[in-house]
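Working notes, beginning with the structure itself.
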Amino acid sequence: MSKRILIVDDAAFMRMMIKNILTKNGYEVVGEAENGAVALQLYKELKPDLVTMDITMPEMDGIQGVKAIRAVDPNANIIMCSAMGQQSMVMEAIQAGAKDFIVKPFQQDRILQAVERVLSRG
Numbered sequence: 001m002s003k004r005i006l007i008v009d010d011a012a013f014m015r016m017m018i019k020n021i022l023t024k025n026g027y028e029v030v031g032e033a034e035n036g037a038v039a040l041q042l043y044k045e046l047k048p049d050l051v052t053m054d055i056t057m058p059e060m061d062g063i064q065g066v067k068a069i070r071a072v073d074p075n076a077n078i079i080m081c082s083a084m085g086q087q088s089m090v091m092e093a094i095q096a097g098a099k100d101f102i103v104k105p106f107q108q109d110r111i112l113q114a115v116e117r118v119l120s121r122g
């Protein structure tokens with residue numbers, strides 16, 4: 001059974017890019033959200049195996065999103081997606097419970113590497 005992934009990013013083209021990479025490599029994208037608040041709702045409904053979470057989003061940003069999801073599921077697998085120069089926010093997200101991060105512009109290999117590494121840890 002393929003692993004189920006929720007993609008969270010306020011930019012639709014970014015979600016589409018990540019979705020294409022993941023589905024092409026055998027993962028099932030079960031949902032997409034444009035901010036942390038929507039991500040939390042979808043996480044509760046869909047119970048995905050992994051979440052890719054953008055850091056900078058309106059309403060509820062990625063760091064708040066990580067905290068909210070980890071509050072309902074302390075074992076949630078979340079990978080942060082950040083732009084260059086967001087190291088301090090990435091560190092804050094990791095402290096909040098994110099398990100890895102990928103930097104934009106995305107390299108397909110790096111996305112797959114991060115997803116496989118986090119999922120293999122369980």
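Residue numbers (UniProt numbering): 1 to 122. Glycine residues also receive a C-beta, built at the ideal position from the N, C-alpha and C atoms.
Cβ-based burial, residue i [other Cβ within 10 Å; buried from 16]
| i | result |
| --- | --- |
| Asn75 | exposed |
| Gly26 | exposed |
| Asp109 | exposed |
| Ser82 | buried |
| Gly85 | exposed |
| Asn20 | exposed |
Residue i - DSSP class collapsed to helix/strand/coil
| i | result |
| --- | --- |
| Thr23 | helix |
| Gly31 | strand |
| Met80 | strand |
| Met53 | strand |
| Asp9 | coil |
| Asp109 | helix |
Residue closest to residue i, alpha-carbon to alpha-carbon, out of the options
| i | options | result |
| --- | --- | --- |
| Met53 | Ser2, Arg110, Gln108, Ile18 | Ile18 |
| Glu32 | Ala93, Leu6, Asn25 | Leu6 |
| Phe13 | Arg110, Lys104, Glu116 | Lys104 |
| Thr23 | Arg4, Asp9, Ala11 | Arg4 |
| Gln64 | Arg121, Ala11, Met16, Ala93 | Ala93 |
| Arg70 | Val30, Gln95, Ile111 | Gln95 |
| Met16 | Tyr43, Gly62, Ser120, Phe106 | Phe106 |
Proximity of residue i and residue j at Cβ, strictly below 8 Å
| i | j | result |
| --- | --- | --- |
| Leu40 | Ala68 | yes |
| Val118 | Ile55 | no |
| Glu34 | Ser2 | no |
| Val90 | Phe101 | yes |
| Val66 | Ala98 | yes |
| Val8 | Val51 | yes |
| Asp10 | Pro48 | no |
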